[in-house]
Amino acid sequence: MKTISSRDVQKSFGAVADMVAAGEAVRITRHGRPAFLLIPDSGDAEEIVRELAARRLARMLQQAQPTSAARELSQEDINRLIADDAEAPPT
4 MKTISSRDVQ KSFGAVADMV AAGEAVRITR HGRPAFLLIP DSGDAEEIVR
54 ELAARRLARM LQQAQPTSAA RELSQEDINR LIADDAEAPP T
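For what it's worth, the working numbering labels the leading residue of the sequence shown as 4, then goes sequentially.
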């Protein structure tokens, strides 16, 4: 995967677009930090996005601290909340 700055992307968008169209993923940095990921639109693209979203969610959940009320829930309470949510009409 090639990494390129957002400034360089602005200067040579056509070349970057050609790289992605040829099947190469491109990571774009802003102020030296990864900010965006350009991936070719293929059958795998949606799977890649799902995997990245799952990783991000896992990191967020690891960092989240349960509230005091959540700590007091029993497994039965949790199962009931899940069942109630599954039965609720979509909003």
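Heads up, the beta-carbon is just placed ideally off N, CA and C, and yes, glycines get one too. Computed from a prediction, not measured in an experiment: that's the story for all the values here.
Residue i versus residue j - alpha carbon distance
i, j, result
"Ala25", "Asp44", "10 Å"
"Glu75", "Ala61", "22 Å"
"Ile7", "Ile31", "5 Å"
"Gln78", "Glu90", "18 Å"
"Gln65", "Ala20", "36 Å"
"Ile81", "Thr70", "14 Å"
"Gln13", "Pro37", "16 Å"
"Ala67", "Leu55", "18 Å"
Residue burial classification, residue i (beta-carbon count within 10 angstroms, cutoff 16)
i, result
"Val52", "exposed"
Nearest neighbour of residue i, chosen from the options [CA to CA]
i, options, result
"Gly35", "Met4, Met63, Ser9", "Ser9"
"Phe39", "Glu49, Ala72, Asp21, Ala28", "Ala28"
"Met22", "Pro92, Met4, Arg33, Pro37", "Met4"
Start-to-end residues for the beta strand (DSSP E) that takes in residue i
i, result
"Ala24", "Not the beta strand (DSSP E): Ala24 falls in the alpha helix (DSSP H), residues 16 to 24."
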